[in-house]
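Asker:
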Amino acid sequence: MKKYIIFILIAILGWTLAQTFKAIPFGADRRGDLSNPNKVAAYYLRQSPETLQTANSITAIVVNFRGFDTLGEVTVLFLAATGLASILYRKEEEDKTEVERVSLPSSSLVRTGAKILFPLILLLGIYVFVHGHLTPGGGFQGGAIIATGFLLMLITYKHFETNHNVMVWLESLAGLAFVLVGLYGLFMYGSFLQNTKSVGTLNDLISGGLIPLIYIFIGIKVGTELTNILDILLKIKPGREQ
Amino acid sequence: MALILFLIVMAIILIAAAIYAVIQKDLLYAVLATGIISVVLSVFFYLLQAPDVAITEAAIGIALTTIIFIITIRNTSRNEDEYSEDHIKKF
Chain A
6 MKKYIIFILI
16 AILGWTLAQT
26 FKAIPFGADR
36 RGDLSNPNKV
46 AAYYLRQSPE
56 TLQTANSITA
66 IVVNFRGFDT
76 LGEVTVLFLA
86 ATGLASILYR
96 KEEEDKTEVE
106 RVSLPSSSLV
116 RTGAKILFPL
126 ILLLGIYVFV
136 HGHLTPGGGF
146 QGGAIIATGF
156 LLMLITYKHF
166 ETNHNVMVWL
176 ESLAGLAFVL
186 VGLYGLFMYG
196 SFLQNTKSVG
206 TLNDLISGGL
216 IPLIYIFIGI
226 KVGTELTNIL
236 DILLKIKPGR
246 EQ
Chain B
181 MALILFLIVM
191 AIILIAAAIY
201 AVIQKDLLYA
211 VLATGIISVV
221 LSVFFYLLQA
231 PDVAITEAAI
241 GIALTTIIFI
251 ITIRNTSRNE
261 DEYSEDHIKK
271 F
């Protein structure tokens, strides 16, 4: 009996919510097509090369028009990394036993190849986030590529260690710098993450105002965060009872 | 025409890998199948003119997620049946 009452209540609630949401246009009146320059999509596509001098309009939307959302995404990733670390991080004083990160040693072919590839992968990652406003890619993509480079080294070499303190400091400072850039916009131009007035010329490496700066911070933050996650995960003892 | 044929073949690989990942009892192979899904998806994103998403999918979907799942399988159990309902009830 109770079950049915609950079902009926949920159905009524769902119906009410559906009726409420039906009345909200969710910006449908502003979406429009590209021919109308006053609608949102056309506005973004026109403003990113003209006002912001950013060749990659996706970057202009992610970092400038929707910069606050990006801050939220970075915070989500930060919280995920922190939660994982708080559950899985082992203090070295508690447990001195050596953890085998990989059960089988890598062959010399793999080790040499990893050594050659590692700096190239890092360079590609840095390229992707430094050129985020010119070519496809950006902070998240570059950071993820850097993390894959570290992953290659972590699973190939038994004694390759990332300095945990340096990683945590870099991550925190990059996150702080993002917020400080946002506050700079708030105090100088009146709104959070507002771009500077001097944005350079289109297709230059230093153009788009604060966009490349923010993407560099995001790249460092995402790269160090994902590397930390992998490092912590790889240090778990296999078959450990929680 | 060749492009459409290629897309159809890729879509078939995508669906086949997805079904394989669901029905496979050995979790290591299932995770590798999800890696294949990511490869195909990344190609799709690139062809559908979303290179930003393609790069993300390539780095995170193929490398990081797969490796994280493999680490998890190493630390838990490789076979899907090992953790039966009785085992879960113990916790």
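Going line by line, the protein sequences match chains A and B. Residue numbering for the first sequence follows the numbering used here, beginning at 6 and increasing consecutively. Residue numbering for the second sequence follows the numbering used here, beginning at 181 and increasing consecutively. C-beta atoms are modelled at their ideal positions from N, C-alpha and C, and glycine is treated no differently. From a predicted model like this one, the values you see are computed outputs, not experimental measurements.
Are the CB atoms of L139 of chain A and A60 of chain A within a distance shorter than 8 Å?
Answerer: Start at 1 with the first residue of the first sequence, and residue 60 of chain A comes out as number 55. Start at 1 with the first residue of the first sequence, and residue 139 of chain A comes out as number 134. Yes. Within cutoff.
Asker: When the Cα atoms are used, what is the spatial distance from I193 of chain B to V220 of chain B?
Answerer: For this step, residue 193 of chain B is matched to residue 13 along the second sequence. For this step, residue 220 of chain B is matched to residue 40 along the second sequence. For I193 of chain B and V220 of chain B, the distance between alpha carbons rounds to 8 Å.
Asker: Where do the N-terminal and C-terminal ends of the alpha helix (DSSP H) with S177 of chain A fall, by residue?
Answerer: Residue numbering aside, residue 177 of chain A sits at position 172 when the first sequence is read from its first letter. Looking at the DSSP string, the run of the alpha helix (DSSP H) that includes S177 of chain A is 169-194.
Asker: Output yes if chain B places a C-beta closer than 8 Å to the C-beta of P141 of chain A; else output no.
Answerer: Numbered from its first residue, the first sequence carries residue 141 of chain A at position 136. Taking Cβ atoms only, chain B reaches closer than 8 Å to P141 of chain A, which makes this a yes.
Asker: For the candidate residues A:P54, A:F70, A:I29, whose alpha-carbon lies nearest to that of G187 of chain A?
Answerer: One-based indexing of the first sequence puts residue 187 of chain A at position 182. Among A:P54, A:F70, A:I29, the Cα nearest to that of G187 of chain A belongs to A:F70.
Asker: Can you grab the Cα-Cα spacing for the pair L125 of chain A / V233 of chain B, in whole Å?
Answerer: For the purposes of this step, residue 125 of chain A is taken as the residue at position 120 of the first sequence. For the purposes of this step, residue 233 of chain B is taken as the residue at position 53 of the second sequence. Cα to Cα, L125 of chain A sits roughly 22 Å from V233 of chain B.
Asker: Mind listing, in chain order, the continuous alpha helix (DSSP H) runs of no fewer than 4 residues lying wholly within the segment 38-83 of chain A?
Answerer: If we require 4 residues or more, the alpha helix (DSSP H) runs fully inside the segment 38-83 of chain A come out as 45-55.
Asker: Measuring only between beta-carbons, confirm whether T232 of chain A sits less than 8 Å from chain B.
Answerer: Reading the first sequence from its first residue, position 227 is the one you call residue 232 of chain A. For T232 of chain A, the answer is no, since every Cβ of chain B falls outside 8 Å of its Cβ.
Asker: I need the DSSP call for N259 of chain B, collapsed to helix, strand or coil.
Answerer: As a working mapping, residue 259 of chain B is identified with position 79 in the second sequence. DSSP places N259 of chain B in strand when its eight states are reduced to three.
Asker: Could you tell me whether the Cβ atoms of I221 of chain A and F123 of chain A are closer together than 8 Å?
Answerer: The residue given as residue 221 of chain A occupies position 216 in the first sequence. The residue given as residue 123 of chain A occupies position 118 in the first sequence. Their beta carbons are not under 8 Å apart, which means I221 of chain A does not touch F123 of chain A by this criterion.
Asker: Would you mind sorting S196 of chain A into buried or exposed? The rule is 16 or more other CB atoms within 10 Å of its CB.
Answerer: Mapped onto the first sequence, residue 196 of chain A falls at position 191. Answer is exposed; the Cβ neighbour count stays below 16.
Asker: What number of angstroms, rounded off, separates the C-alpha of N208 of chain A from the C-alpha of T64 of chain A?
Answerer: As a first step, residue 208 of chain A must be located in the first sequence, where it is residue number 203. As a first step, residue 64 of chain A must be located in the first sequence, where it is residue number 59. Looking at the two C-alpha atoms, the distance is approximately 13 Å.
Asker: Going by DSSP, what residue range makes up the alpha helix (DSSP H) through K120 of chain A?
Answerer: The residue labelled residue 120 of chain A in the question sits at position 115 within the first sequence. That run of the alpha helix (DSSP H) goes 113-135.
Asker: Starting from D206 of chain B, follow its DSSP beta bridges and name the residues at the other end.
Answerer: Counting from one through the second sequence, the residue named residue 206 of chain B turns up at place 26. Partner(s): B:N259.
Asker: Which residues in chain B sit within 8 Å of V133 of chain A, going by Cβ to Cβ distance?
Answerer: Locating residue 133 of chain A in the first sequence gives position 128, counting from the first residue. Ordered by position in chain B, the residues that pass the 8 Å Cβ test against V133 of chain A are I235.
Asker: Looking at the C-beta of D206 of chain B, does it have a partner C-beta in chain A at a distance below 8 Å?
Answerer: Taking the first residue of the second sequence as position 1, residue 206 of chain B is located at position 26. For D206 of chain B, the answer is no, since every Cβ of chain A falls outside 8 Å of its Cβ.
Asker: Take T229 of chain A and list the residues in its own chain whose beta-carbon comes closer than 6 Å to its own, dropping the five residues that flank it on each side.
Answerer: In the first sequence, the residue the question calls residue 229 of chain A occupies position 224. Excluding sequence neighbours, T229 of chain A sits near M172, L175, E176.
Asker: Tell me which residues share the same chain as Y132 of chain A and place their Cβ nearer than 8 Å to its Cβ, disregarding the 5 neighbours each side in the sequence.
Answerer: Position 127 of the first sequence, counting from 1, holds the residue named residue 132 of chain A. For Y132 of chain A, where only same-chain residues beyond five positions count, the Cβ hits under 8 Å are G147.
Asker: Considering P217 of chain A, what are the terminal residues of the alpha helix (DSSP H) in which it resides?
Answerer: On the first sequence, residue 217 of chain A is found 212 positions in, with the first residue counted as 1. First-last of the alpha helix (DSSP H) with P217 of chain A: 216-239.
Asker: Under 8 Å Cβ-Cβ, which residues of chain B neighbour I92 of chain A?
Answerer: In the first sequence, counting from the first residue as 1, residue 92 of chain A sits at position 87. None at all; the shortest Cβ gap to chain B is about 13 Å.
Asker: Checking contacts by CB at 8 Å: is A119 of chain A closer than that to chain B?
Answerer: For the purposes of this step, residue 119 of chain A is taken as residue 114 along the first sequence, with counting starting at 1. It does not; no Cβ of chain B falls within 8 Å.
Asker: Just how far apart, CA to CA, sit L212 of chain B and T245 of chain B?
Answerer: In the second sequence, counting from the first residue as 1, residue 212 of chain B sits at position 32. In the second sequence, counting from the first residue as 1, residue 245 of chain B sits at position 65. So the two alpha carbons sit approximately 10 Å from each other.
Asker: Between which two residues does the alpha helix (DSSP H) holding K7 of chain A run?
Answerer: What you label residue 7 of chain A is simply residue 2 of the first sequence in a count that begins at 1. Segment 7-28, the alpha helix (DSSP H) holding K7 of chain A.
Asker: Give the straight-line distance between the Cα atoms of L227 of chain B and I13 of chain A, rounded to the nearest whole angstrom.
Answerer: Walking along the second sequence from the start, residue 227 of chain B turns up at place 47. Walking along the first sequence from the start, residue 13 of chain A turns up at place 8. In a straight line, the C-alpha of L227 of chain B is about 47 Å away from that of I13 of chain A.
Asker: Using three-state DSSP, classify M190 of chain B as helix, strand or coil.
Answerer: Counting from one through the second sequence, the residue named residue 190 of chain B turns up at place 10. In the structure shown, M190 of chain B sits in a helix (DSSP, three-state: H, G or I).
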